Amino acid sequence: MNLSEAGVKNTMEAGLGVIWGEDPRYSRDAGAPFKNRLAHVIKMAILARNRDGDLMPAYARFIAIPSSRALASTWRPVSERSLGNVGARIGLGVLARMGTHAFAEFWPEVRQRIFREKHVSASFASLQPH
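Residue numbers (the numbering used here): 42 to 171.
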C-alpha cells in the first residue's frame, strides 16, 4: 500500500511540477555550516526551484502529498480511514521529504568518515585501468 501511495504522490508531484515549472530535485548546500545546511533541508521541503532557478513554494508538493494520502484512504482498511490517520500520514509525508533531503545533504560526509575514504590523487588515478 505504501509503495502505491508513493507512486501516486510522485506522479502527481512530477506532473503538476512540469506544468508549473517546478524542479523537485534537491540540491545540496555542501560547504555551509551545519546549522545552515539543516535549515536548507527544512526549507527545501516546502520550496522548489522554478525554471529560472529561483525559489518558489512547492505547490505541486503541497497538492501531491495530501491528495495521495487522501486517495490512499480508499484502499486502506476502514480503521485507517479517519481524518486523524490521513492527517498523520500527511505530516509523515512532509517529514519523510525532510528525511530524504537530510540523507542527501549529510550522507556524503558521513560515508567518508565511516569508511575513511580518501581522495585519490590525480597522478595515482591516471595509473588505474579504465
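Cβ atoms here follow ideal geometry from the backbone N, Cα and C, with glycine treated the same way. Please read these numbers as outputs of a predicted model, since none were measured by experiment.
query: Drop a sphere of 10 angstroms on the beta-carbon of A86, count the other beta-carbons inside from all chains shown, and report buried for 16 or more, exposed for fewer.; result: buried
query: Just list the residues that DSSP pairs R90 with in beta bridges.; result: D64 and L96
query: Give me the Cα-Cα distance between R3 and D70, rounded to the nearest whole angstrom.; result: Residue coverage of the chain in this structure runs from 42 to 171, which leaves residue 3 outside it and unanswerable.
query: Could you give the distance in angstroms between the alpha-carbon of L57 and the alpha-carbon of R90?; result: 14 Å
query: Given a cut-off of 8 Å, decide if R110 and E6 are closer than it, judged by their beta-carbon atoms.; result: The chain is shown only over 42 to 171; residue 6 falls outside these bounds and no answer can be derived.
query: Residue range of the alpha helix (DSSP H) that E146 falls in?; result: L124 to F156
query: Given this structure, state the Cα-to-Cα distance separating Y100 from Y67, to the nearest angstrom.; result: 15 Å
query: Sorted by chain position, which residues of the same chain lie with C-beta nearer than 6 Å to R102's C-beta, five sequence neighbours on each side aside?; result: E54
query: H142 to P149, Cα distance in whole Å?; result: 12 Å
query: Please report the straight-line C-alpha distance between F144 and D64, rounded to a whole angstrom.; result: 19 Å
query: Roughly how many angstroms lie between the CA atoms of S123 and G72, to the nearest whole one?; result: 44 Å
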